[in-house]
Amino acid sequence: MLKTAAFVVASLAMLGSAAADRLSYHGTVSADAAVTDNVLSVPLGSDNREGDILLTIRPGMLFTYGIPRFINEFNAELEMTRYGAQTDQPTIATRAGWKAIILTGPLSEVILQADVSRSVVSAIGAAAIPTETMVTLLPINQVTAMSGGANEYASKVLTRELRLFQTAFARASKSDDEGTPPTRIDAGEVGASLGLDRSFIKNAVSLEVGVSVLNLHRNPEAPMGGRDDEQVNLRGRIQWRRDFTRKLSGSADAGAVLVMPYGTDMYHPFVEKNNRVFPLLGVSGHYTDVWGIATAFIRRDVTPNLFVGANTVNDTAAVVAAMPLYLKAVDNNRRAQPKLAGVGSFGLQRTQLIEESTSDLQSSFWIARIDAGIQYAPRPGFTYQLRYEMMYQTADRGQGVVDPLPGFLRNTIYVSASARFPADVAVRVPKRRTNAVRADRKDLAPIGVEPVIPDLTEGAGDGE
848 MLKTAAFVVA SLAMLGSAAA DRLSYHGTVS ADAAVTDNVL SVPLGSDNRE GDILLTIRPG
908 MLFTYGIPRF INEFNAELEM TRYGAQTDQP TIATRAGWKA IILTGPLSEV ILQADVSRSV
968 VSAIGAAAIP TETMVTLLPI NQVTAMSGGA NEYASKVLTR ELRLFQTAFA RASKSDDEGT
1028 PPTRIDAGEV GASLGLDRSF IKNAVSLEVG VSVLNLHRNP EAPMGGRDDE QVNLRGRIQW
1088 RRDFTRKLSG SADAGAVLVM PYGTDMYHPF VEKNNRVFPL LGVSGHYTDV WGIATAFIRR
1148 DVTPNLFVGA NTVNDTAAVV AAMPLYLKAV DNNRRAQPKL AGVGSFGLQR TQLIEESTSD
1208 LQSSFWIARI DAGIQYAPRP GFTYQLRYEM MYQTADRGQG VVDPLPGFLR NTIYVSASAR
1268 FPADVAVRVP KRRTNAVRAD RKDLAPIGVE PVIPDLTEGA GDGE
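Numbering of the sequence shown is given in my numbering, commencing with residue 848 and proceeding in unit increments.
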């Protein structure tokens, strides 16, 4: 009996130890102190433009769980922002996300991701790092949005040269600016795509086709007028990638999107619906080193903007980089992950709205964004950052628009700090597993070993 009891206790202890090795749970916290010259993103030329000081605190939690061939990661955070002059009540935002990677076989994998949030649209970029913020058309004022989405990516290596990949996604958003009159937008999109990638010694060619269904609704009392979009986007694209050196690579792509309105527009029931084809073009250059990565691209694409409730044609030029800044006083060992890094993005975009029935280009906006900073990560799990963000958006009435979406200019300086307890995470879902920029795909983070290109934004690693 005693031997049996001892065996059971020992077995339970071993199971607990094994579970502890697979499970990792952490507390996270970050804080921003910011000063801005246009806290409400009021229109250009308005007398109501006001600056303010903001203090934001984001307590959260992180859970990871990994077993052979299956890694899960869950995170959640509460965001509380207190304004110096605008209001006595803090704004509250919540976010949660889950992602997982499943190795379905020795040559295949599936990546799953889901997220949900409730936040002020103008503050969404503040919660992201500079390399993840992108230039995009935004509504003005304190617009509160609830959004959620899920996506899936699957990849299967067929031969040494051929790889099949597939994606599926669904996302939805609901926003209200509580203006007079209010603008309320309900938007959603579901879609899927299928592609084939053929690799050569220094080149790779991929072909991808996809379809998405949009439902975009704006209330008739809104200053921009009512909108009732039901459209289908049929998409096809071919891409060529070339590795010039071990660090430099480039790509070019071309394709087209067929926009097809369907259903009955409740606000314009007698307007004839027309299909229209929009070309897609893109050119990009990439630098990938052991401790840094940089990308520059010019692209035309067709994507729905759920925050403004419209299908859009976007012409974008952008540069995104995360590069080490070696200083002897900070980094005395270049073989270790750098503690000091420059991170940032610069983007310029022209956005044109696609009319819901005729598919004509309805209006044009110019948007510019600078988001750059210096990050110091003295040890794993701890990061400090000084950051500057500029947002500029023009307004253009355009043909057939009742009232334009106003433009604005906003400058903001952030001082930030973040921490994770305990600092070491047992397992993580790799960030870069879906879109290779190199033909040899060596820029993608492998599973189970140290990444070829570590993520500087994750903080310094060990190895002094």
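Cβ coordinates follow ideal geometry from the N, Cα and C atoms, glycine included. Note that this is a predicted model, so its numbers are computed, not measured.
Whole angstroms are fine: how far does the CA of residue j sit from the CA of residue i?
i            : j            : result
residue 1240 : residue 1013 : 35 Å
residue 1035 : residue 1173 : 45 Å
residue 1291 : residue 954  : 15 Å
residue 1114 : residue 1073 : 7 Å
residue 1249 : residue 1069 : Confidence at residue 1249 is low in this model, with a pLDDT of 47, below 50, so the placement of that residue should be treated as unreliable; the coordinate-derived value is given next. Cα to Cα, residue 1249 sits roughly 10 Å from residue 1069.
residue 926  : residue 968  : 13 Å
residue 951  : residue 1097 : 31 Å
residue 930  : residue 1234 : 19 Å
residue 932  : residue 1016 : 41 Å
residue 885  : residue 898  : 5 Å
residue 941  : residue 963  : 8 Å
residue 989  : residue 887  : 6 Å
residue 1032 : residue 1064 : 6 Å
residue 1050 : residue 1285 : 8 Å
residue 1041 : residue 1281 : 13 Å
residue 1001 : residue 965  : 29 Å
residue 1278 : residue 920  : 11 Å
residue 1079 : residue 1111 : 14 Å
residue 1018 : residue 1139 : 32 Å
residue 1148 : residue 935  : 42 Å
residue 1137 : residue 889  : 43 Å
residue 880  : residue 1066 : 36 Å
residue 1122 : residue 894  : 43 Å
residue 1225 : residue 1266 : 11 Å
residue 1075 : residue 956  : 39 Å
residue 1025 : residue 1289 : 48 Å
residue 1259 : residue 1048 : 46 Å
residue 1132 : residue 1170 : 16 Å
residue 878  : residue 1242 : 33 Å
residue 1029 : residue 991  : 12 Å
residue 892  : residue 1155 : 22 Å
residue 1054 : residue 928  : 45 Å
residue 1215 : residue 1254 : 11 Å
residue 1091 : residue 1134 : 10 Å
residue 1238 : residue 917  : 40 Å
residue 945  : residue 1262 : 28 Å
So residue i is in the beta strand (DSSP E); what residue range does that whole segment cover?
i            : result
residue 1259 : 1255-1268
residue 1057 : 1050-1065
residue 1239 : 1229-1240
Would you list the one or two residues that DSSP bridges to residue i?
i            : result
residue 906  : 876
residue 1285 : Paired residues: none, contrary to the question.
residue 1135 : 1140
residue 1007 : BP columns for residue 1007 are empty, so no partner.
residue 999  : 959, 1015
residue 1188 : 1171, 1222
residue 993  : 965, 1021
residue 800  : There is no way to answer for residue 800, as the model of the chain reaches only from 848 to 1311.
residue 1274 : According to DSSP, which records beta bridges pairwise, residue 1274 is partnered with nothing at all.
residue 982  : BP columns for residue 982 are empty, so no partner.
residue 1069 : DSSP output for residue 1069 lists no bridge partner at all.
residue 1216 : 1194, 1238
residue 1074 : 1065
residue 870  : 912
residue 1291 : Bridge partners of residue 1291: none, in fact.
Please check the pair residue i and residue j, which I expect to be a contact at CB under 8 Å, by giving their CB distance rounded to whole angstroms.
i            : j            : result
residue 1052 : residue 1045 : 5 Å
residue 791  : residue 1231 : Here the chain comprises residues numbered 848 to 1311, so residue 791 is not present and cannot be evaluated.
residue 1003 : residue 1010 : 7 Å
residue 1200 : residue 1210 : 5 Å
residue 982  : residue 1195 : 7 Å
residue 902  : residue 883  : Not quite, the Cβ-Cβ distance comes to about 12 Å (not below 8 Å), so this is no contact.
residue 1212 : residue 984  : 5 Å
residue 1206 : residue 1108 : 6 Å
residue 924  : residue 913  : Not a contact, Cβ separation roughly 22 Å.
residue 1227 : residue 873  : Not confirmed; about 11 Å, so no contact.
residue 1127 : residue 1157 : About 18 Å; that fails the 8 Å criterion.
residue 1099 : residue 1083 : So it is not a contact: roughly 15 Å between Cβ atoms.
Can we count residue i as close to the ligand SAM, meaning its CB is less than 8 Å from some heavy atom?
i            : result
residue 1049 : As for the ligand SAM, it is missing from this structure, which has no ligand bound.
Those runs of the beta strand (DSSP E) which lie wholly inside the segment 1076-1161 and span at least 3 residues: Assignment of beta strand (DSSP E) within the segment 1076-1161, counting only whole runs of 3 or more residues, yields 1095-1108, 1123-1135, 1140-1152 in chain order.
Length-filtered (3 minimum) beta strand (DSSP E) runs lying within the segment 887-966: As far as the segment 887-966 is concerned, its whole beta strand (DSSP E) runs of at least 3 residues are 899-914, 917-930, 938-952.
Every unbroken beta strand (DSSP E) inside the segment 1022-1050 [3 residues or more]: Whole beta strand (DSSP E) segments, 3+ residues: 1031-1046.
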